[in-house]
Structures are given as structure tokens and as C-alpha cells.
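Input: a single structure, listed below in C-alpha cells.
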Amino acid sequence: MYHNGIEPVPLEGHLTLNSTAACVHRRSNFYASIVGMGKNRRGLEIY
1 MYHNGIEPVP LEGHLTLNST AACVHRRSNF YASIVGMGKN RRGLEIY
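Put into C-alpha cells, the structure is as follows:
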């Protein structure tokens with residue numbers, strides 16, 4: 001699938017969010033978001 005000659009970017013991999021206790025892991029058919037808790041940071045659950 002090209003649009004005006006531009007190839008889409010594959011959105012797969014792992015991203016750790018700096019200065020937070022969070023990360024995102026994505027593959028072609030699923031993704032997982034993980035948020036931790038710490039003494040100065042609050043955990044969060046989103047469904």
C-alpha cells in the first residue's frame with residue numbers, strides 16, 4: 001500500500017518511556033502496555 005509513492009512505516013517493536021515506569025511492546029497483531037508503580041509514581045490501568 002503506497003500513497004503518493006510513500007511507503008508506510010512498520011509499527012513493531014518496543015518503546016520504553018523515559019522518566020516513567022512504563023513501556024509499550026507492539027507486534028503485527030497485538031500490543032501490550034505496561035505501567036509500574038514506584039514510591040513517587042502512581043500506577044495506572046487502562047483497558
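So in the UniProt record's numbering, spot 15 of the sequence shown is number 15, and the numbers just go up one at a time. Glycine residues also receive a C-beta, built at the ideal position from the N, C-alpha and C atoms.
Over the uninterrupted beta strand (DSSP E) stretch that includes G13, give me the two end residues. 13 to 17
Within the continuous beta strand (DSSP E) that includes A32, where are the two ends? 30 to 35
For H14 and P8, I'd like the C-alpha separation in whole angstroms. 18 angstroms
So the candidates are F30, G5, S19; which of them puts its Cα closest to the Cα of G38? S19
Check this for me: beta carbons of C23 and I34, under 8 angstroms apart or not? yes
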